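Under my numbering, the first residue of the sequence shown is numbered 13, with each subsequent residue one higher. This report refers to the structure that appears directly beneath it.
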Amino acid sequence: MIAHAPSHHPAYTKGMSSSEPSIFSKIVSREIPANIVMENDRLIAFWDIAPKAPVHLLVVPKTQEYANVAELAAGDPQLLAELVGMAQELANEHANGEFRLVFNSGATAGQTVFHVHAHVLTGGLDEGSLGG
Ligand code: AMP
C-alpha cells in the first residue's frame with residue numbers, strides 16, 4: 013500500500029484508489045464545506061473557491077480513480093459524457109447556456125488537484141482570456 017502517493021505519482025496504480033482522500037473527495041463526503049449547486053450519484057458540482065470568471069463552477073466525478081481527463085476518457089467515457097452534460101445544465105442555470113470547459117492536465121498545465129475535474133467558465137468571457 014502506498015501511504016501518501018498522490019494519484020499522479022508514478023507509483024500510483026490506476027484503479028487502486030489512493031489511501032488519501034483528495035480535497036474534492038472530502039467535499040463529496042462533506043468533510044469540508046463547499047457551495048454545492050448540483051449533485052447526482054456519480055458527479056458533484058460546486059463553486060470554485062477562487063473564481064476566474066463571473067461564473068466559475070467545478071464539475072467533479074465522485075470517484076477519485078481518474079487523475080485527469082485523458083484517464084477518465086479512457087476509463088469511463090460515459091462518465092465523461094455525463095460530466096459534459098452537467099456542465100451544459102449548469103451553464104443553462106447560471107448563464108445563457110454558453111460556456112468554456114477547461115481541464116488542466118498536469119502540473120505544468122496548471123493542474124493542482126489530481127482528481128479529474130472540469131472548470132465551467134461562463135457569464136461573460138473574452139476570447140483573449142484563454143491561456144496565459
Ligand atoms: P486545477 O488547478 O485545474 O487543479 O483546479 C483546482 C481548482 O480547485 C482551483 O481553481 C481552485 O481554486 C479550486 N479549489 C481548491 N480547493 C477548493 C475548495 N475547497 N472549494 C472549491 N474550489 C476549490
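Where a beta carbon is used, it is the ideal one built from N, C-alpha and C, also for glycine. Computed from a prediction, not measured in an experiment: that's the story for all the values here.
Residue i - DSSP class collapsed to helix/strand/coil
{"i": "F115", "result": "coil"}
{"i": "T120", "result": "helix"}
{"i": "H131", "result": "strand"}
{"i": "G109", "result": "coil"}
{"i": "E77", "result": "coil"}
Cβ-Cβ separation, residue j to residue i (assumed contact under 8 Å), whole Å
{"i": "N80", "j": "V128", "result": "5 Å"}
{"i": "V49", "j": "W59", "result": "7 Å"}
Candidates the options, of which the one nearest residue i by Cα
{"i": "E110", "options": "P89, G118 and L133", "result": "L133"}
Between the CA atoms of residue j and residue i - distance to the nearest angstrom
{"i": "E101", "j": "E32", "result": "31 Å"}
{"i": "A62", "j": "L113", "result": "16 Å"}
{"i": "G87", "j": "Y78", "result": "8 Å"}
{"i": "A57", "j": "E139", "result": "24 Å"}
{"i": "I44", "j": "K74", "result": "14 Å"}
{"i": "H21", "j": "A121", "result": "Model confidence at H21 stands at a pLDDT of 48, short of 50, so the residue's coordinates are unreliable; what they give is reported in the following sentence. One C-alpha to the other measures close to 16 Å."}
Enclosing beta strand (DSSP E) for residue i [first to last residue]
{"i": "L70", "result": "V67 to P73"}
{"i": "F58", "result": "L55 to W59"}
{"i": "V49", "result": "I48 to E51"}
First and last residue of the uninterrupted alpha helix (DSSP H) at residue i
{"i": "P152", "result": "Past the edges of the chain, shown from 13 to 144, lies residue 152, and the structure says nothing about it."}
{"i": "S37", "result": "I35 to V40"}
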